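All remarks here apply to the structure that follows.
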Amino acid sequence: MDNFRYIKPSTVDEAISSKREYGKKANFLLGGTDLFIAMDKGVITPEVVIDLKGIKTLKYLEEKDGAIFIGAAVTWTELIESEIIKKMVPALWEAADLVASVGVRNTATLVGNLCNAVPSLESGAPLYVRDAVVFLEGKDGKREVSVKDFFTGVKRTVLKDDELMTGLKIPVVKEFGEVYIKMGRYEGEDLAQAGVSVFVDKNNNYKISLSAVAVTPVRATKAEDFLKGKKLTDELAAEAAELALEAIAPISDIRSSKEYRIHMCRIMVKRGLIASVSRMETGVPALSTRLI
Amino acid sequence: MNHILKFNLNGEAVEVAVKSNEKLLDVLRDKLGAVSAKFGCGVAECGACTVLIDDLSVRSCITFAVEVEGKSVVTLEGLQADGPTKIQKAFIKHNAFQCGFCAPGFIMSATELISKNPSPNEEEMRHALAGNLCRCTGYQNIVDAMNEVAEDNKGGVK
Numbered sequence: 046m047d048n049f050r051y052i053k054p055s056t057v058d059e060a061i062s063s064k065r066e067y068g069k070k071a072n073f074l075l076g077g078t079d080l081f082i083a084m085d086k087g088v089i090t091p092e093v094v095i096d097l098k099g100i101k102t103l104k105y106l107e108e109k110d111g112a113i114f115i116g117a118a119v120t121w122t123e124l125i126e127s128e129i130i131k132k133m134v135p136a137l138w139e140a141a142d143l144v145a146s147v148g149v150r151n152t153a154t155l156v157g158n159l160c161n162a163v164p165s166l167e168s169g170a171p172l173y174v175r176d177a178v179v180f181l182e183g184k185d186g187k188r189e190v191s192v193k194d195f196f197t198g199v200k201r202t203v204l205k206d207d208e209l210m211t212g213l214k215i216p217v218v219k220e221f222g223e224v225y226i227k228m229g230r231y232e233g234e235d236l237a238q239a240g241v242s243v244f245v246d247k248n249n250n251y252k253i254s255l256s257a258v259a260v261t262p263v264r265a266t267k268a269e270d271f272l273k274g275k276k277l278t279d280e281l282a283a284e285a286a287e288l289a290l291e292a293i294a295p296i297s298d299i300r301s302s303k304e305y306r307i308h309m310c311r312i313m314v315k316r317g318l319i320a321s322v323s324r325m326e327t328g329v330p331a332l333s334t335r336l337i
Numbered sequence: 491m492n493h494i495l496k497f498n499l500n501g502e503a504v505e506v507a508v509k510s511n512e513k514l515l516d517v518l519r520d521k522l523g524a525v526s527a528k529f530g531c532g533v534a535e536c537g538a539c540t541v542l543i544d545d546l547s548v549r550s551c552i553t554f555a556v557e558v559e560g561k562s563v564v565t566l567e568g569l570q571a572d573g574p575t576k577i578q579k580a581f582i583k584h585n586a587f588q589c590g591f592c593a594p595g596f597i598m599s600a601t602e603l604i605s606k607n608p609s610p611n612e613e614e615m616r617h618a619l620a621g622n623l624c625r626c627t628g629y630q631n632i633v634d635a636m637n638e639v640a641e642d643n644k645g646g647v648k
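For the protein sequence lines, the chains are F and V, in the order given. If you want this note's numbering, it's the position in the first sequence, counting the first as 1, plus 45. If you want this note's numbering, it's the position in the second sequence, counting the first as 1, plus 490.
Below, the structure is given as structure tokens:
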């Protein structure tokens with residue numbers, strides 16, 4: 046790895062003006078668990094690294110004005126240890142608890158996970174089903190973008206060269222159930238072979254999202270529309286799972302074949318639906334949502 | 491870019507010249523003599539390089555040394571400054587080492603777990619230690635050692 050200029054601004058404005066100055070030659074650093082490895086392998090070779098950990102205003106996790114606000118510097122461990130997340134966004138909590146290992150979760154951040162934008166990202170599906178909104182800030186000011194419009198491809202997002210994701214918000218909802226199910230080969234490090242999040246509310250509105258089975262996370266809107274207003278039965282869950290498969294386009298890679306991903310997505314969507322409904326009705330999923 | 495890095499290592503203030511691109515693991519091992527942390531995979535997957543930064547376990551193989559400016563870093567050398575800890579004694583008793591390469595990382599992760607949850611059950615232990623790999627596959631002995639620590643912390647019978 047070549048040497049680089051390391052700067053640690055204390056405000057968002059300073060960080061953005063540095064990024065504007067250096068453009069593509071600079072990278073932002075938060076937990077660094079992805080950035081470091083990419084630099085070590087020579088995949089990216091920034092001349093400047095802008096460490097955002099000195100910016101105190103990026104560290105917030107609170108519920109106010111009908112939403113849960115999460116700052117860019119909040120780590121996975123901080124999410125796991127938050128009662129707000131555990132109670133109000135349980136699918137995100139389940140995803141957080143399955144990210145890599147404790148040693149990675151102690152530094153890696155949710156916002157970093159989003160900005161790296163790999164298809165297997167753990168945070169995608171749970172945030173898609175909650176219609177989360179991310180906060181972007183750059184030289185032209187601030188903008189809010191729905192998380193569903195944030196990703197444009199594998200490791201590609203709508204972030205401009207001078208822009209920084211400062212945080213995100215998740216609308217508070219009441220009387221709902223949701224889960225995240227990850228298929229991986231083993232605990233401790235493995236990326237998801239497939240991930241499924243399901244949300245349901247008391248009016249039988251369903252939201253289903255899948256990750257690691259297309260270039261970006263996807264919502265299975267056809268399955269959602271099919272279920273809308275219906276009380277879930279095992280048969281309906283099975284039919285919806287078939288429809289959900291129309292939203293995905295998995296590939297075969299080192300972690301899994303395309304056929305296995307499709308097969309398991311069918312099972313995971315069905316289980317996710319049943320588990321979400323039972324979590325809404327009883328507080329706990331009727332069946333285990335842990336595959337690893 | 492060169493820096494004079496100042497931080498606390500195992501309870502003592504240290505000052506060391508580093509470049510921005512130096513990894514914490516290398517600085518600890520090659521410049522400061524703290525060789526308990528090991529280079530295993532180099533990509534944060536095996537846990538052999540685990541150290542505590544401000545009481546949290548961190549992978550020193552993917553941490554830039556400059557990131558610990560002003561922080562407190564603890565390696566196994568610091569933990570055992572006054573002799574083996576309770577966790578280390580349990581590891582010894584249960585022969586929770588085979589080649590021993592992974593042991594410092596396991597003990598750092600176990601130390602963090604016990605500090606947050608003094609009496610974890612086996613599921614919690616395996617979940618917390620899932621990111622530490624033992625290629626001799628000596629996991630059961632490690633879990634046995636940790637069970638003893640957990641029981642002891644409950645005030646149970648040894």
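Ideal Cβ placement from N, Cα and C applies to all residues, glycine included. In this text the structure is predicted, and so the values were computed from the model without any measurement.
For Ala162/F, the three-state secondary structure derived from DSSP is coil. For Leu281/F, the uninterrupted alpha helix (DSSP H) run begins and ends at Asp279 to Ala289, by DSSP. In this model, Asp185/F and Glu208/F are separated by some 9 Å (Cα to Cα).
At a cut-off of 8 Å, the C-beta of Ala507/V has no neighbouring C-beta in chain F. In the DSSP secondary-structure assignment, Lys109/F is bridged to Ala112/F. Contact of Thr540/V with chain F is assigned, a C-beta pair being separated by under 8 Å. According to DSSP, Gly198/F shares a beta bridge with Arg201/F. Against chain V, the CB of Asp298/F has no partner CB under 8 Å away; the residue lies outside that interface. Excluding residues up to 5 positions away in sequence, Gly222, Val245 and Leu277 lie with their Cβ nearer than 7 Å to the Cβ of Val322/F in the same chain. Contact check for Glu108/F against Met133/F passes: the beta carbons are separated by less than 8 Å. Contact residues of the stretch 222-247 of chain F toward chain V are Glu232, Gly233 and Glu234 (C-beta to C-beta distance below 7 Å). Collapsing the DSSP output to three states places Tyr231/F in coil. Taken atom to atom, the span from the alpha-carbon of Ile632/V to that of Tyr231/F is near 18 Å. Counting other Cβ atoms within 10 Å of its Cβ, Pro262/F reaches 16 or more and is therefore classed as buried.
Counted as a single uninterrupted DSSP element, the stretch harbouring Asp96/F is not any alpha helix (DSSP H) but the beta strand (DSSP E) occupying residues Val93 to Asp96. Under the DSSP definition of a beta bridge, Tyr51/F partners with Val94/F. Taking one beta carbon from each stretch, the stretch 620-635 of chain V and the stretch 595-602 of chain V have 3 or more pairs nearer than 8 Å; the two touch. For the pair Lys496/V and Gly560/V, the Cα-to-Cα distance works out to about 6 Å. Look at Glu557/V: its C-beta is under 8 Å from a C-beta on chain F. Assignment of Lys513/V by DSSP, reduced to helix, strand and coil, places it in the strand class.
Taking the Cα positions, Pro91/F is about 8 Å away from Met84/F.
Taking a Cβ-Cβ threshold of 7 Å, the residues of chain V close to Thr78/F are Ala534 and Ile552, in chain order. In this chain, Ser62/F is not harboured by any beta strand (DSSP E); it is covered by the alpha helix (DSSP H) spanning Val57 to Tyr67. For Thr601/V, the enclosing alpha helix (DSSP H) begins and ends at Ala593 to Lys606. Nearest C-alpha to Ile296/F among Ala145/F, Ala239/F, Thr56/F and Asp96/F: Ala239/F. Ile319/F sits away from Leu336/F, with the two beta carbons spaced by 8 Å or more. Cβ-Cβ separation between Val243/F and Cys310/F: approximately 12 Å, too far for a contact (criterion under 8 Å).
Of all alpha-carbon atoms in Asp176/F, Ala162/F and Phe196/F, the one lying nearest the alpha-carbon of Lys252/F is that of Asp176/F.
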